[in-house]
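Following: one structure in C-alpha cells, then a few remarks.
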Amino acid sequence: LPCSTWFIYQFYMVGGPQSHQSVPKFFGFLFTCHYIYRGYIFPFFLSVHHENEKNFDLGVAFGSWLVTVIHAHLNARWYAEYGKHLVAINVDKKRRGGKRYKWTCTWRFRIGLVLYYLGLASVIYHDHIMRTLRPCPNNARYCIPHAGLFQYVSAANYLSELIMWAGFAMASWGPNGAFIFLISVANLIPRSASTHQWYLEHFPGEYELLGRVRLFPGIW
1 LPCSTWFIYQ FYMVGGPQSH QSVPKFFGFL FTCHYIYRGY IFPFFLSVHH ENEKNFDLGV
61 AFGSWLVTVI HAHLNARWYA EYGKHLVAIN VDKKRRGGKR YKWTCTWRFR IGLVLYYLGL
121 ASVIYHDHIM RTLRPCPNNA RYCIPHAGLF QYVSAANYLS ELIMWAGFAM ASWGPNGAFI
181 FLISVANLIP RSASTHQWYL EHFPGEYELL GRVRLFPGIW
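Mapping to full-length UniProt numbering: the sequence shown position 163 is 163, numbers consecutive.
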C-alpha cells in the first residue's frame, strides 16, 4: 500500500518533464501493476494456518515498508525526470551517419522486458502453488510443494523474484532497477538457504531424497 500510493503521488501528481511520455508511463504501469498484485491481490488469497495467525514481526514489516517506499520514490523520479534515455532519440556515433534509435529498440530493453514478464508469471504461478498447499493432507501443519521449479529448488518463488527484478533492472537501466535487484539478492539468497534448511529439519529424510538445492537449479 505505501509503495503504490507513494509512486502514484510522485509520478502522476508531482510528475516531471517526462511523466507524460509513453515509455515512462509504460514503466509506471508495470511498476504499479506489480505492487497492486503484491500489496492487494496476493494477501487477499493468502491462507494462513491458525497457529501462525498471531505471528507478526514489526521490525520486518518496517524494513519492508522502508524498502518499498524508497523503491517507489526512485522509480517515480527516474521515470518522470532523470531517465533521459527512456524518451530521447539517441544517436549511435559508431555507425555511419549516426543512426538514431529509441530505448525501446535496444537489446537491454527487449531482453529485460522478456525476463521481467517471465519472472512475473513465474512469481504468480509459484505463489499459487504455495497457496494451494493448504489444507495439507491429514490436517498436517506443513507440506512440501512439488510442482513447477519446486521440483528442483526449495525457493522457487525467490528465484522467480530474482529473474523478474533482473529483467526490470535491465529494461529500465537506472538506479531504480539496480536498487531493488541488489536488495532482492541480499535478502533472498540468505532466505533461500534458511528455507532449504527449514525443509530439511521439518521433513528429515524425506526432503533429502528429493534432491533439491537451495535457489539455483543444479548449482546451489
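Idealized CB from N, CA, C, for every residue including glycine.
Indicate whether residue i and residue j have their beta-carbon atoms separated by less than 8 Å.
{"i": "residue 184", "j": "residue 27", "result": "no"}
{"i": "residue 80", "j": "residue 179", "result": "no"}
{"i": "residue 214", "j": "residue 155", "result": "yes"}
{"i": "residue 18", "j": "residue 87", "result": "yes"}
{"i": "residue 129", "j": "residue 150", "result": "yes"}
{"i": "residue 212", "j": "residue 152", "result": "yes"}
Determine, for residue i, whether the minimum Cβ-Cβ distance to residues of chain C falls below 8 Å.
{"i": "residue 152", "result": "Of the protein chains in the structure, only one exists, and it is not chain C."}
I'd like the list of long-range same chain contacts for residue i, defined as Cβ closer than 7 Å, with 5 residues on each side in sequence excluded.
{"i": "residue 115", "result": "163, 166, 167 and 170"}
{"i": "residue 107", "result": "none"}
{"i": "residue 204", "result": "none"}
{"i": "residue 75", "result": "7, 31 and 176"}
{"i": "residue 15", "result": "80"}
{"i": "residue 117", "result": "none"}
Measure the alpha-carbon distance for residue i versus residue j and round it to whole angstroms.
{"i": "residue 113", "j": "residue 33", "result": "14 Å"}
{"i": "residue 208", "j": "residue 148", "result": "18 Å"}
{"i": "residue 84", "j": "residue 29", "result": "18 Å"}
{"i": "residue 71", "j": "residue 177", "result": "8 Å"}
{"i": "residue 103", "j": "residue 73", "result": "22 Å"}
{"i": "residue 98", "j": "residue 69", "result": "In this prediction, residue 98 has a pLDDT of 49, which is less than 50 and means its spatial position is unreliable; what the coordinates show is noted afterwards. The straight-line gap from Cα to Cα measures roughly 40 Å."}
{"i": "residue 187", "j": "residue 197", "result": "16 Å"}
{"i": "residue 131", "j": "residue 44", "result": "11 Å"}
{"i": "residue 174", "j": "residue 193", "result": "29 Å"}
{"i": "residue 40", "j": "residue 20", "result": "27 Å"}
{"i": "residue 201", "j": "residue 111", "result": "39 Å"}
{"i": "residue 146", "j": "residue 218", "result": "17 Å"}
{"i": "residue 220", "j": "residue 141", "result": "27 Å"}
Excluding the five sequence neighbours on either side, which residues of its own chain have a C-beta within less than 8 Å of the C-beta of residue i, listed in chain order?
{"i": "residue 8", "result": "32"}
{"i": "residue 181", "result": "162, 165, 166, 168 and 169"}
{"i": "residue 42", "result": "127"}
{"i": "residue 216", "result": "153 and 159"}
Residue i by DSSP, collapsed to three states: which one?
{"i": "residue 69", "result": "helix"}
{"i": "residue 153", "result": "strand"}
{"i": "residue 23", "result": "helix"}
{"i": "residue 114", "result": "helix"}
{"i": "residue 87", "result": "coil"}
{"i": "residue 98", "result": "Note that residue 98 scores a pLDDT of 49, beneath 50, so its modelled location is shaky; the value from the coordinates is reported in the next line. Reduced to three states, the DSSP call for residue 98 is coil."}
Suppose the cutoff is 6 Å on Cβ atoms and the five residues either side in sequence are ignored; what does the same chain contact list for residue i look like?
{"i": "residue 143", "result": "133 and 136"}
{"i": "residue 24", "result": "18, 79 and 86"}
{"i": "residue 221", "result": "What the structure shows of the chain is the stretch from 1 to 220, and residue 221 is not part of that stretch, so it cannot be assessed."}
(request) Report yes or no: do the region 117-137 and the region 145-164 share at least 3 C-beta pairs separated by less than 8 Å? (result) yes
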